[in-house]
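Notes follow the structure.
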Amino acid sequence: DVPSTGFGVGFDRIMEICEIQPPKENKVVIIATDDTRTDAIKVATKMRNELTVHMDIMKRNFKSQLSHANNIEVDYAVIVGKKELEMGKLTVKNMKSGDQLQLTLEEAIEFIKNN
244 DVPSTGFGVG FDRIMEICEI QPPKENKVVI IATDDTRTDA IKVATKMRNE LTVHMDIMKR
304 NFKSQLSHAN NIEVDYAVIV GKKELEMGKL TVKNMKSGDQ LQLTLEEAIE FIKNN
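Note that the working numbering has the sequence shown beginning at 244, numbered continuously upward.
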């Protein structure tokens, strides 16, 4: 007699676990220029309380940041530009449809969470 310990799991139990997927989160990329980077960091910080937010740290140009957002398949790009800041708004771009809206920070967070 040799003491031992064992463990077993049925195949159907493993298949049930594999089928369970976490709820989909809307991913967001903050896009900024050198002039608006400080404000963009503030926007990203506030959005991160409620959303999954990415921000470019490689200081790419505007076009490259949008291209990168497309490559990593985010749902929305939030553009923090000079014009937007002057109006107290952000441009929220749906990366799948290309539609753009001008919203305040609070409106942008709610819009992204609900879509």
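Glycine included, every Cβ here is placed at the ideal spot set by N, Cα and C.
These figures come from a predicted structure and were not determined experimentally.
Under the DSSP assignment, V245 falls outside any beta strand (DSSP E); it carries neither an H nor an E label. When secondary structure is reduced to three states using DSSP, T279 falls in the helix class.
Of the residues assessed, T248 falls on the exposed side of the cut-off, its CB having fewer than 16 other CB atoms within 10 angstroms. According to the DSSP secondary-structure assignment, Q345 is paired through a beta bridge with T334.
Secondary structure note for M258: its alpha helix (DSSP H) is the uninterrupted segment F254 to E262.
Close CB contacts of K270 within its chain, under the 6 Å cut and outside five residues either way in sequence, are with T295, V317 and D318 (chain order).
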